[in-house]
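Here the sequence shown is numbered in my numbering, starting from 447 and rising by one per residue.
Have a look at the structure below before the remarks.
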Amino acid sequence: MSKLTTAAWVAHELGLAASFGGLLFGKLALNPNLDVLENKSDRGELLNKSWNRYNVVNAAAVGTAIATWLAGRASISGDLVLDEEGNNLVRTKDALLATAAVTGLASMISGLSLSRQAPDGAVPIDSGVSPSPEMSEEAAKLLRRVNVLGNVNIGVLGGVIAVSTILSQKANQSLRFSIASRFLP
Numbered sequence: 447m448s449k450l451t452t453a454a455w456v457a458h459e460l461g462l463a464a465s466f467g468g469l470l471f472g473k474l475a476l477n478p479n480l481d482v483l484e485n486k487s488d489r490g491e492l493l494n495k496s497w498n499r500y501n502v503v504n505a506a507a508v509g510t511a512i513a514t515w516l517a518g519r520a521s522i523s524g525d526l527v528l529d530e531e532g533n534n535l536v537r538t539k540d541a542l543l544a545t546a547a548v549t550g551l552a553s554m555i556s557g558l559s560l561s562r563q564a565p566d567g568a569v570p571i572d573s574g575v576s577p578s579p580e581m582s583e584e585a586a587k588l589l590r591r592v593n594v595l596g597n598v599n600i601g602v603l604g605g606v607i608a609v610s611t612i613l614s615q616k617a618n619q620s621l622r623f624s625i626a627s628r629f630l631p
């Protein structure tokens, strides 16, 4: 495997890891523990500033994973290289990465809209998963949307990681796929 292909594969895996791990941390550790802050507006400010800062990292991480996948994907020519199972896995990964990009972008845009509902993003909030009674209906709707999109995004990224693992294992079972997989991260 060439150094460039190895570097692309490493960048691809790190992009997926940074995105999946960061989202999981935010959902399981940050969001539900905002109640350590007594003031609900402070909770909203911390939540929105944290997620908006992480969204830059997340966009770069997912963008790297997609760019390296597409570069490798362009180097193979479908049925001539892969068997039916391999082709199906590659198309599945294509669809999952596209879905991750769309749900991630929609979540980021919704999160930015939520943070603009109050100065400094200080939208009064009970937790990152439940609106407070003091929230406007628009802010509550945006919070619910961000949570649904975020959950879908975590699931989809988990699917990308799973399919990547299966593709890697398949490369070890088939000489033809092993040769093709040298181009795929």
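Backbone N, C-alpha and C define an ideal beta-carbon position, used for all residues, glycine too.
Given the structure is predicted, the values throughout are model-derived calculations rather than measurements.
If the criterion is Cβ atoms closer than 9 Å, does the pair residue i and residue j meet it?
| i | j | result |
| --- | --- | --- |
| P577 | R591 | no |
| S487 | A564 | yes |
| L535 | K616 | yes |
| A547 | I600 | no |
| N477 | V575 | yes |
| L643 | L480 | Nothing can be reported for residue 643: it is not among the residues displayed for the chain, which extend from 447 to 631. |
| L551 | A505 | yes |
| T514 | A586 | no |
| G567 | F466 | no |
| T549 | V602 | yes |
| S561 | L595 | no |
Which residues in the same chain as residue i place their Cβ atom closer than 8 Å to its Cβ, once the five residues preceding and following it in sequence are excluded?
| i | result |
| --- | --- |
| L460 | A507, T510 |
| N597 | K473 |
| S496 | G472, L476 |
Would you kindly work out how many angstroms separate the C-alpha atoms of residue i and residue j, rounded to a whole number?
| i | j | result |
| --- | --- | --- |
| E584 | D572 | 16 Å |
| K452 | L558 | Correcting the residue identity first, residue 452 is Thr in this sequence and not Lys. Whole-angstrom Cα-Cα distance: 36 Å. |
| R499 | D529 | 42 Å |
| S582 | E491 | 15 Å |
| N501 | M554 | 7 Å |
| E580 | E484 | 14 Å |
| D540 | N593 | 24 Å |
| R489 | E531 | 48 Å |
Kindly list the residues whose CB is nearer than 6 Å to the CB of residue i, restricted to its own chain and excluding five residues on each side of it in sequence; keep chain order.
| i | result |
| --- | --- |
| A463 | none |
| S614 | none |
| L588 | S556, S559, L560 |
Closest to residue i by CA distance: which of the options is it?
| i | options | result |
| --- | --- | --- |
| T545 | K495, S496, V606 | V606 |
| L542 | R489, S610, S521 | S610 |
Complete runs of the alpha helix (DSSP H) confined to the stretch 480-541 [at least 4 residues]: 486-519
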